[in-house]
Amino acid sequence: MKSLSESTLYVKKENEDLIVISLYVDDLLVTGSSAAMVQKFKEKMMVEFEMTDLGEMSYFLGMEVQQSEDGIFIGQQKYAKEVLKKFKMDLCKPMSSPLMQNEKLSKDDRAPKVDEGWYRSLIGCLMYLTATRPDLMFVVSLLSRFMHCTSELHFKAAKRVLRYIKGTENFGIMFKKSTDLKLVGFSDSDHAGSCDDMRSTSGYVFSLGSGCFSWSSKKQDVVAQSIAEAEYVAVAGAVNQALWLRKLLEDLKHTQEGGTEIYVDNQAAIAISNNLVFHGRTKHFKIKFYFLREVQKSKEIALIYCQSDDQVADIMTKALSKKKF
Numbered sequence: 001m002k003s004l005s006e007s008t009l010y011v012k013k014e015n016e017d018l019i020v021i022s023l024y025v026d027d028l029l030v031t032g033s034s035a036a037m038v039q040k041f042k043e044k045m046m047v048e049f050e051m052t053d054l055g056e057m058s059y060f061l062g063m064e065v066q067q068s069e070d071g072i073f074i075g076q077q078k079y080a081k082e083v084l085k086k087f088k089m090d091l092c093k094p095m096s097s098p099l100m101q102n103e104k105l106s107k108d109d110r111a112p113k114v115d116e117g118w119y120r121s122l123i124g125c126l127m128y129l130t131a132t133r134p135d136l137m138f139v140v141s142l143l144s145r146f147m148h149c150t151s152e153l154h155f156k157a158a159k160r161v162l163r164y165i166k167g168t169e170n171f172g173i174m175f176k177k178s179t180d181l182k183l184v185g186f187s188d189s190d191h192a193g194s195c196d197d198m199r200s201t202s203g204y205v206f207s208l209g210s211g212c213f214s215w216s217s218k219k220q221d222v223v224a225q226s227i228a229e230a231e232y233v234a235v236a237g238a239v240n241q242a243l244w245l246r247k248l249l250e251d252l253k254h255t256q257e258g259g260t261e262i263y264v265d266n267q268a269a270i271a272i273s274n275n276l277v278f279h280g281r282t283k284h285f286k287i288k289f290y291f292l293r294e295v296q297k298s299k300e301i302a303l304i305y306c307q308s309d310d311q312v313a314d315i316m317t318k319a320l321s322k323k324k325f
């Protein structure tokens with residue numbers, strides 16, 4: 001059965017056994033709870049199509065997959081080395097963080113301009129690395145804003161990211177065995193962080209079981225007039241992602257029990273999402289953001305306050321200190 005939430009996902013269930021197929025162009029990933037069911041599917045496909053069984057997945061679309069008794073590790077060490085070599089940074093000195101904490105980048109920095117084509121190529125390579133590197137997501141999202149007005153300062157910041165990658169080539173995501181497949185989210189924002197248009201940055205991180213598997217860092221489409229509004233807009237984006245992930249998990253026969261908890265470090269944003277009488281503070285909010293009240297009433301989502309020090313999504317919205325990073 002084709003998933004209603006993801007067009008490349010197919011799921012079949014027979015009694016208590018489950019098989020999952022993910023399709024990308026002419027490549028198939030097949031997994032399931034029954035080895036016999038998986039083998040039967042592969043045999044049927046080979047009768048209908050000319051196919052090659054490559055065995056247990058170890059490499060897919062530039063991602064290396066290491067499977068062991070402890071769990072599954074996904075990384076892009078080989079690709080990271082190729083990127084460093086491509087931009088002649090394979091012998092560079094490593095850095096401990098991808099971006100200086102107080103560094104502010106803007107479009108009109110009056111610095112000499114550089115080759116935009118070279119910069120765009122670099123950003124494209126870095127963007128692909130964010131598939132397994134959430135620690136790169138914010139800085140790559142930030143640098144991508146300057147692909148049409150690249151200066152020496154932007155290129156210098158991008159080279160710092162390469163120096164950080166040099167020291168962290170083996171980083172990736174580890175998924176350990178877990179029986180508690182509970183979807184948990186974190187949402188954060190950086191109010192008026194953009195020097196060019198004073199727009200804020202939204203960020204979220206979602207975990208399932210033992211590891212993070214969905215993350216985002218994106219400049220908001222509207223100018224938030226307060227920290228609470230910036231947080232509220234960020235939460236709206238995180239809730240949209242949570243609702244989609246819940247549907248996806250339902251297709252995979254892992255329906256979530258109860259509402260998905262999303263942790264927010266701003267009490268005002270949570271209060272506004274629950275309280276209809278806050279009209280004076282929220283009447284300028286766009287109507288599309290008001291659905292937060294509805295999803296909480298329906299018990300699909302639960303917004304929970306957390307301390308800023310416990311906010312996992314902080315890494316998606318700003319440059320952190322070396323200690324916190």
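Once you know that position 236 of the sequence shown is 236 in full-length UniProt numbering, the rest is easy, because the numbers rise by one and skip nothing.
Even for Gly, the Cβ is constructed at its ideal location relative to N, Cα and C.
Taking a cut-off of 8 angstroms on C-beta distances, the region 72 to 90 does not touch the region 305 to 320, as fewer than three cross pairs fall below it. Going by DSSP, residue 273 is part of the alpha helix (DSSP H) stretching over 267 to 274. Exposed is the label assigned to residue 198, since fewer than 16 other Cβ atoms lie within 10 Å of its Cβ. Counting the other CB atoms within 10 Å of its CB gives residue 66 a total below 16, which places it among the exposed residues. A straight-line Cα-Cα distance of about 21 angstroms links residue 136 and residue 59. Across the set 105, 246, 80 and 45, the C-alpha of 105 shows the shortest separation from the C-alpha of residue 141. The DSSP assignment places 137 to 143 and 152 to 166 as complete runs of the alpha helix (DSSP H) inside the region 132 to 193, in order along the chain (cut-off: 4 residues).
The DSSP-derived three-state label of residue 237 is helix. The secondary-structure analysis by DSSP pairs residue 12 across a beta bridge with 19. The beta carbon of residue 188 sits closer than 6 angstroms to those of 203, 311, 313, 314 and 317, all from its chain and outside the five residues before and after it, given in chain order. For the options 216, 40 and 261, the alpha carbon positioned closest to that of residue 138 is the one of 216. Considering only 37, 234, 6 and 35, the residue with the shortest C-alpha distance to residue 266 is 234. Looking from the CA of residue 190, the closest CA among 98, 158, 226 and 75 belongs to 226. Residue environment: residue 31 is assigned as exposed (fewer than 16 neighbouring CB atoms within 10 Å of its CB, all protein chains considered). In terms of Cβ geometry, residue 192 and residue 232 do not form a close pair [threshold 8 angstroms]. In terms of CA proximity to residue 297, 259 leads the group 319, 321, 304 and 259.
If you draw a straight line from the Cα of residue 124 to the Cα of residue 321, it comes to about 26 angstroms. Here residue 185 is buried: its Cβ has 16 or more other Cβ atoms, across all protein chains shown, within 10 Å. In the displayed model, residue 203 falls within a strand according to three-state DSSP. In the three-state reduction of the DSSP assignment, residue 209 falls in the coil class. As DSSP reads the structure, residue 218 sits in a beta bridge with 202. With contacts defined as CB atoms closer than 8 angstroms, residue 252 and residue 209 fail to qualify as a contacting pair.
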